[in-house]
Amino acid sequence: MKFGGTSMAGTERIRRVARIVKRQQDAGHEVAVVVSAMAGETDRLVNFCREANPLYDPAEYDVVVASGEQVTSGLLAIALQALGAQARSWLGWQLPIKTVEAHAKARVDSIDADALIAEMQKGVIAVIPGFQGVSDEGRITTLGRGGSDTSAVAVAAAVKADRCDIYTDVDGVYTTDPRIVAKARKLQHVTYEEMLELASVGAKVLQTRSVGLAMKEGVRVQVLSSFIDDDAPAADTIPGTMIVSDEELEGMDMERQLITGIAHDKNEAKITLTRVPDKPGAVANIFGPLAEAAINVDMIIQNVGRDKGETDVTFTVPAADLARSMDLLEAAKDQIGFNRIIPDTNVAKVSVVGVGMKSHAGVAATMFRSLADRGVNIQAISTSEIKVSVLIEEDYTELAVRVLHTAYGLDAVEA
Ligand code: ASP
Ligand code: MG
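Numbering (our numbering) for the sequence shown: 51 to 465.
In structure tokens:
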């Protein structure tokens, strides 16, 4: 079981979480719990580091920010004990959760779960702080923001859990953002691949990396709400959204929708370079410097060359990287040989996702037609096997999401 920051925000809520956990044990399960820091706490700790020195040492940043989860894991163990349960916390270095690579963005390498499993078999509820681990040198590490989801999946894989229930402030994964489309429906199932695409294009239910790990390790993940009644039945009978493999879904879902969900992302920026020489090596000169700076380029279009052997190249980068991208491109202007550089932050990416499109033609055509009918202009397009994304003017985001939700038959019959 994993509980996010909103579920852990304050002792009152932690006592509620303890009751939800206890109920699972009473239902006959062996339980390990992974917790986040209280909502807002990690931001507060990050700010302390920035105030102390904007160029802080990432190793010491990890020492500071990992403390939020240390507090909530201890408090949950106390709250569980108050209910008469046996509970014990294990910090990242105590298990240990061994991590590799850089501080502040470490990856889980291995978890030694033997002691944990032995205790769980004795009826002890194990409480584990998310987000943290320990490096080869024995220093505290953290997994990157939102990393508790990844901790939970890693622990679930290590103890070979039947299920990894991620309790959050929404009761599942929806066909789209319910704040935009009142008729959005909660999905009973979604595949790992679909969830990966939805997570990476702006449906912020789970950290993207946790989904990749669950897929690799075959962990069955369920997303569900922690804001259920205290006397509600255990999670086995109030399912949220199950994230499963393609094969598993095929076996149980006869009437699969062509499209599973629609996501949007307003944190993109568009860059156009005009009059780039239309010759071998030109685009390599553009994207080389961006790659070296670890800037993630997403959609790319190169227009048909003009008669003078020149062409325009348009692409998107995360809005947060726009300024740096512009600097790098200006610096490489002579080498690339463009005329003008035109930035645009007034864009949004809207994506339709569904494994059903692997075997069906016409998904993209429906998308383009539906948007055209409402006068929404498409500025760039990208696709994968199970996703079609378009870049549009930001003001049209909500309209586009609504129109597409209806066009693919996703609207709930009753709102
Ligand atoms: N507390 C950490 C964060 O806010 C990790 C998490 O909650 O997933 O990024
Ligand atoms: Mg989170």
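No residue lacks a Cβ here, since even glycine has one placed at the ideal position from N, Cα and C.
- Rounded to whole angstroms, the separation of the alpha carbons of Leu246 and Lys437 is 11 Å.
- As a beta-bridge residue in DSSP terms, Arg157 pairs with Val150.
- Closer than 7 Å to some heavy atom of the ligand ASP: that does not describe the Cβ of Glu318.
- The beta carbon of Gly173 sits closer than 7 Å to those of Gln136, all from its chain and outside the five residues before and after it, given in chain order.
- Under the three-pair Cβ rule at 8 Å, the region 114-124 does not count as touching the region 155-170.
- Here Ala176 is near Ala82, since their CB atoms are less than 8 Å apart.
- At least one heavy atom of the ligand ASP lies closer than 7 Å to the C-beta of Gly118.
- Sequence-distant Cβ neighbours of Leu263 in its own chain, meaning closer than 8 Å and more than five residues away, are Val158, Thr200, Val203, Ala204, Ala207 and Val269.
- If the five residues before and after Met292 are omitted, its C-beta is found closer than 6 Å to the C-beta atoms of His239 and Gln272, all from its own chain and listed in chain order.
- Listed in chain order, the alpha helix (DSSP H) elements of length 4 or more contained wholly in the region 395-431 are 413-423.
- Assignment of alpha helix (DSSP H) within the region 106-187, counting only whole runs of 4 or more residues, yields 108-115, 117-132 and 164-171 in chain order.
- Straight-line spacing of the CA atoms in Val453 and Val255 works out to 23 Å.
- Shortest Cα-Cα distance from Ala462 to any of Asp445, Arg94 and Lys233 involves Lys233.
- In this structure, Leu166 sits away from Tyr217, with a CB-CB distance that is not shorter than 8 Å.
- In this structure, the ligand ASP has no non-hydrogen atom nearer than 7 Å to the beta-carbon of Ser401.
- The residue among Leu299, Pro330, Ala211 and Asn396 with its C-alpha nearest the C-alpha of Met170 is Ala211.
- Runs of the beta strand (DSSP E) lying entirely within the region 192-279, each at least 3 residues long, are 214-218, 239-241 and 271-275 in chain order.
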